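First comes the structure, then the notes that go with it.
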Amino acid sequence: MNGTSAIERHLDELVLTRLGPERPAGLCVTSLPLPRNAPSPLGVAGHASSAFPLGQWHDVANPSPRRLLLAADNMGTAPDSLQITSAPEQHAATFPKASMNLFETAPDALFFWERHSLAIEWNGHCVELAMGLRSDGQLRWWEACNLVVREEAPFCRVVEMGGAIPVRMCDLAYLQSRKGYYDNEFLHKHNWLNGHITARLYANGVCDVVARHVNSRFFDDGKDLEQTVPVIGVRVDGEPIPTDDTPWDGTVTTLTHGPVSFDVSEMARLATAQKPGEQRIDQGFLAIQPYEGMELYGGAAAKDLGGDAYILRGSEQRVLRGMSRSLSFSFSLNAERAPTVVRYLPPAWWYGACEELVPAPLLPAVTDLQEACDSAREWCRKTIRRGGFEDGAMARGAAPENPPPYEAGWEGEVPYAQFLSAWTTGDAGEYDDAMHAATYFTDVCIDHAAKQVRMHGWPPDAFALPMARIHACLAAYLETGDRFFRQAAESVIQTAYSTHKNSWPRMTIGRDACFIRGAVLLYRYLGSPHYRDIARDSLDDVAASQKPDGSFGDQGGGAGIHAWAAYITKPWMGCMAIGGAIDWLELVPNDTPIADMVKRFADWLMRERFDHDGIMGWSYQHDYRGGRDFLNITGEIIQLPGSALWHRDYLARVLTFCALRYDEPAYFDAWHESFMGAGQTVRDDHAFAQTLQFVPWVEAHLWDAELSAEGVQAKPAWLGERTPCQATISTPEGPVLCAWNKNGTSCTAENRSVRVTDCALQRD
């Protein structure tokens, strides 16, 4: 194998583990993180496989992908594990053939339209798919379609087909009744739903499909589509699949017609017995309405503003402007291959070594700080929405003992935190939750007409820059290779940057700066200088808005009630203001002006600590207009800061970053005292996202364990008596326990595969 780096030595012996129970599968899929300049080709030992590169290392000039999307042929039961090889098997590939099949044309040649299905043929059998909708009871199929081959590799070809599905029909008689163009009610008026299919066609006859209905825009700002519900049409060998009057209520997970079989378990999640979809034979297809209707639960804001906690109920059968929903399924044209696609993950240490968990090759370390992470995982398991149109929605804040529905947070860092956790635990349920949450966020929480993230809980059209957090989309792209996720991430960040510049210069940025984290993440994973420049330019703006004492205002933009927030100072919003700055410094550590900005804020935090019944920490809000009097929501004038202890683990990274960078343990000590004093119970999405992102970040940096030519080298940091005394480090040899002695003067490992040095000791 070419290359001598410490991590490359492990590629040919890297073992992937199956997620979920033993079951038949036709495909085994993984998204493999890669080190810089990884050798090529790579594949799955003993299996015909395809490999598609994803992303680009930002600091490597030549092509060097961040991930490799691998899919391997499988016959029978999916094995417990797979092994990566640098000598993949080569097989002559006979891909399923994809074409557009014309099944209906306009009756009038002078006002023409055509309707096509995506026809996928292999070994004498053909599956046809068509995107449609039902409006006022009438079934309509897509028009003006095109089919393109997106990419191709040994064993797999990726095709995309798109078209527009009309809501109301316009015919020749209507056109002839008009005086001219300008009295045509359809001209520059949104009147369709976009249909899109991405199909991965494998040489073993298995096809993996994502179909989407997207209510975006083209000739105007877009609009809601009334009395409309999306439909997908399916037929096999020219015949619709018989339904036997089976209800579409989430219980139908497979379809068969002759030797052709479908796994529709993912698509079925969007319907429930209480809110079913429908399947019936119509116009020569099995027309599946995958859910009762598009739905959106808002919660308190929606109820106060409109009298109903639901912004949109499925029973209305209204497609909200900008809304999308993905329908994932797979099928097999090969009687010897199951239609199911099974996911595999590499071990936790591999994610660490490839800089997936933090932007450094640090192996994950688990300490007693993990109690908070365990609480976060448990809270998610109990509160995430399972089933129905809003499957995957994460609660904004919820007590699991209270009955759902819970108001969803629509926060893009939440599914990313779920992925980070799943990559380290290897838990199948956690991984599935992350994928469902990321898909929900991308489909529903992003307005695909405005290219902005919706303001959580608010009826349309309400947006706010702090919502522009696209970590969920990019993580989902890296896991699936689905360009819809990537395009959503890029569009939101570009729009956020433009929105920020609409009102720059302005008095305050504060939490508006959250989009910078997305720009840095796009640069980190795609390598594009465009996002690097957006991030760095925006960081200059954040620095220009920092107050002389090092703090930041809450939020800026606009006048009146919105400008009022510029005078509010909160530790929380300051942490959000500099989140992108720390992301940037992890990639560009020598950017002194940005580092100075971060330190000024950390020093303000240290000065603002005060006693909360024996715990030194912070409150939710600390001043208003430089003073301590504030008019609260009830009209009462209160004194700031409030007495309640506020804690979120933004503080974990901000203060530990400064402790390590500036050789000052007091920063870490301040965070840890607040962390322990607040308790380690997670009950809202902000706590969930920051705990699972930044507590493991602290653990990894405290133990600083990396692969080396000799095995693993750890350079732990002693940051005073609050430093966790033990850590279990994930290594290629298995988990290894490392421990400090009581006074922090030496550290040892239980296994010789980990070499511990004292070069990072910090002492009072």
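Residue numbers (the numbering used here): 702 to 1465.
For each residue, glycine too, the CB sits at the ideal point set by N, CA and C.
Bear in mind that the values here come from a model prediction, so they are computed numbers and not experimental data.
How would you label residue 1090, buried or exposed, when you count the other beta carbons within 10 angstroms and need 16 or more for buried?
-> Numbered from 1 along the sequence shown, position 389 holds the residue referred to as residue 1090. That one is buried.
So, using beta-carbon positions, are residue 1345 and residue 1321 closer together than 8 Å?
-> Here residue 1345 refers to the residue found at position 644 when the sequence shown is read from its first residue. Here residue 1321 refers to the residue found at position 620 when the sequence shown is read from its first residue. Result yes, Cβ atoms of residue 1345 and residue 1321 sit closer than 8 Å.
Alpha-carbon spacing of residue 1302 relative to residue 1186, whole angstroms | In the sequence shown, the residue the question calls residue 1302 occupies position 601. In the sequence shown, the residue the question calls residue 1186 occupies position 485. Between residue 1302 and residue 1186, the C-alpha separation is close to 34 Å.
If you drop the 5 nearest sequence neighbours on each side, which residues of the same chain put their C-beta closer than 6 Å to that of residue 716?
-> As a working mapping, residue 716 is identified with position 15 in the sequence shown. If the five residues before and after residue 716 are omitted, its C-beta is found closer than 6 Å to the C-beta atoms of 782 and 784, all from its own chain and listed in chain order.
With DSSP run on the structure shown, which of helix, strand or coil describes residue 804?
-> Position 103 of the sequence shown, counting from 1, holds the residue named residue 804. The three-state secondary structure of residue 804, taken from DSSP, is strand.
On the three-state DSSP scale, how would you describe residue 1455?
-> Within the sequence shown, residue 1455 is the residue found at index 754, counting from 1. Correct three-state label for residue 1455: strand.
Distance, Cα to Cα, residue 1407 vs residue 1284?
-> Here residue 1407 is taken as the residue at index 706 of the sequence shown, counted from 1. Here residue 1284 is taken as the residue at index 583 of the sequence shown, counted from 1. Rounded to the nearest angstrom, the gap between the Cα atoms of residue 1407 and residue 1284 is 20 Å.
Got a sec? Which residues, its chain only, sit under 6 Å from residue 1317 by beta carbon, not counting five neighbours each side?
-> The sequence position of residue 1317 within the sequence shown is 616, counting from 1. Here residue 1317 has 1310 and 1374 as same chain residues with Cβ atoms under 6 Å from its own Cβ, once five neighbours each way along the sequence are excluded.
CA nearest to the CA of residue 917, picked from 927, 1257 and 892 = Your numbering for residue 917 matches position 216 in the sequence shown. It is 892.
Would you say residue 1176 and residue 1139 are within 8 Å of each other, going by their C-beta atoms?
-> Within the sequence shown, the letter at position 475 stands for residue 1176. Within the sequence shown, the letter at position 438 stands for residue 1139. Residue 1139 sits close to residue 1176, with the two beta carbons spaced by under 8 Å.
CA-CA distance, residue 1421 and residue 1300?
-> Counting from one through the sequence shown, the residue named residue 1421 turns up at place 720. Counting from one through the sequence shown, the residue named residue 1300 turns up at place 599. The straight-line gap from Cα to Cα measures roughly 20 Å.
CA-CA distance, residue 706 and residue 1410?
-> Counting from one through the sequence shown, the residue named residue 706 turns up at place 5. Counting from one through the sequence shown, the residue named residue 1410 turns up at place 709. About 8 Å.
For residue 876, collect the residues of the same chain with a Cβ closer than 7 Å to its Cβ; drop the 5 residues on either side in sequence, then sort them by chain order.
-> The residue labelled residue 876 in the question sits at position 175 within the sequence shown. Excluding five sequence positions before and after residue 876, the CB atoms of its chain that fall closer than 7 Å to its own CB belong to 812, given in chain order.
Euclidean distance between Cα positions of residue 1128 and residue 1066 = On the sequence shown, residue 1128 is found 427 positions in, with the first residue counted as 1. On the sequence shown, residue 1066 is found 365 positions in, with the first residue counted as 1. Roughly 17 Å between the two C-alpha positions.
Can you give the Cα-Cα distance for residue 946 and residue 985, rounded to whole angstroms?
-> By one-based count along the sequence shown, residue 946 stands at place 245. By one-based count along the sequence shown, residue 985 stands at place 284. Residue 946 and residue 985 have their alpha carbons spaced roughly 16 Å apart.
Cβ contact (3+ pairs, closer than 8 Å) linking the stretch 1089-1109 and the stretch 987-1003 = A contact exists between the stretch 1089-1109 and the stretch 987-1003.
Where does residue 829 land, buried or exposed, given buried means 16+ other C-beta within 10 angstroms?
-> The sequence position of residue 829 within the sequence shown is 128, counting from 1. So residue 829 counts as buried.
Using the beta-carbon count (16 or more within 10 Å), is residue 850 buried or exposed?
-> As a position in the sequence shown, residue 850 is number 149, starting the count at 1. Label assigned to residue 850: exposed.
Indicate whether residue 1005 and residue 972 have their beta-carbon atoms separated by less than 8 Å.
-> Taking the first residue of the sequence shown as position 1, residue 1005 is located at position 304. Taking the first residue of the sequence shown as position 1, residue 972 is located at position 271. The answer is no: Cβ separation not under 8 Å.
Determine the contact status of residue 1039 and residue 725, defining contact as a CB-CB distance below 8 Å.
-> If you number the sequence shown from 1, residue 1039 lands on position 338. If you number the sequence shown from 1, residue 725 lands on position 24. Yes, these two residues count as a Cβ contact at 8 Å.
Express the C-alpha separation of residue 934 and residue 854 in angstroms, rounding to a whole number.
-> The residue given as residue 854 occupies position 153 in the sequence shown. The residue given as residue 934 occupies position 233 in the sequence shown. Going from the Cα of residue 854 to the Cα of residue 934 covers about 28 Å.
If you drop the 5 nearest sequence neighbours on each side, which residues of the same chain put their C-beta closer than 8 Å to that of residue 1160?
-> Taking the sequence shown and counting its residues from 1, the one referred to as residue 1160 is at position 459. Closer than 8 Å at the Cβ level, and outside the excluded window around residue 1160, lie 999, 1002, 1003, 1006, 1007 and 1012.
Decide if residue 1196 is buried, meaning its Cβ has at least 16 other Cβ atoms within 10 Å, or exposed.
-> For the purposes of this step, residue 1196 is identified with residue 495 of the sequence shown, where counting begins at 1. Residue burial is scored here from C-beta neighbours: residue 1196 has at least 16 other C-beta atoms within 10 angstroms and is therefore classed as buried.
Whole-angstrom C-beta distance between residue 1404 and residue 1424, which should lie under 8 Å = The residue given as residue 1424 occupies position 723 in the sequence shown. The residue given as residue 1404 occupies position 703 in the sequence shown. The beta-carbon distance between residue 1424 and residue 1404, rounded to whole angstroms, is 10 Å. This is too long to meet the 8 Å contact definition.
Assuming residue 1172 contacts residue 1079 (C-beta within less than 8 Å), just tell me the rounded distance between them.
-> Within the sequence shown, numbered from 1, the residue matching residue 1172 stands at position 471. Within the sequence shown, numbered from 1, the residue matching residue 1079 stands at position 378. For a cut-off of 8 Å, the C-beta gap from residue 1172 to residue 1079 is around 22 Å, too long to register as a contact.
Apart from the five residues just before and just after residue 1323, which ones in its own chain have a Cβ nearer than 8 Å to its Cβ?
-> As a first step, residue 1323 must be located in the sequence shown, where it is residue number 622. Cβ within range, chain order: 1252, 1270, 1271, 1272, 1309, 1341 and 1342.
As assigned by DSSP and simplified to three states, the class of residue 842 = Position 141 of the sequence shown, counting from 1, holds the residue named residue 842. DSSP places residue 842 in strand when its eight states are reduced to three.
Check whether residue 736 and residue 709 have beta carbons under 8 Å apart | Against the sequence shown, residue 736 aligns to sequence position 35. Against the sequence shown, residue 709 aligns to sequence position 8. Remark: C-beta atoms of residue 736 and residue 709 approach each other more closely than 8 Å.
Shortest alpha-carbon distance to residue 1232 belongs to which of 1245, 1216, 1247 and 1244?
-> Residue numbering aside, residue 1232 sits at position 531 when the sequence shown is read from its first letter. The residue with the shortest Cα to Cα distance from residue 1232 is 1216.
May I ask you to report which of helix, strand or coil DSSP gives residue 1096?
-> One-based indexing of the sequence shown puts residue 1096 at position 395. Here residue 1096 sits in strand by DSSP.
Indicate whether the contact test is met: 3 or more Cβ pairs, each with one atom in the stretch 862-881 and one in the stretch 830-840, closer than 8 Å.
-> By the criterion of at least three beta-carbon pairs nearer than 8 Å, the stretch 862-881 is in contact with the stretch 830-840.
Where residue 835 sits in the DSSP three-state scheme = The residue given as residue 835 occupies position 134 in the sequence shown. Here residue 835 sits in strand by DSSP.
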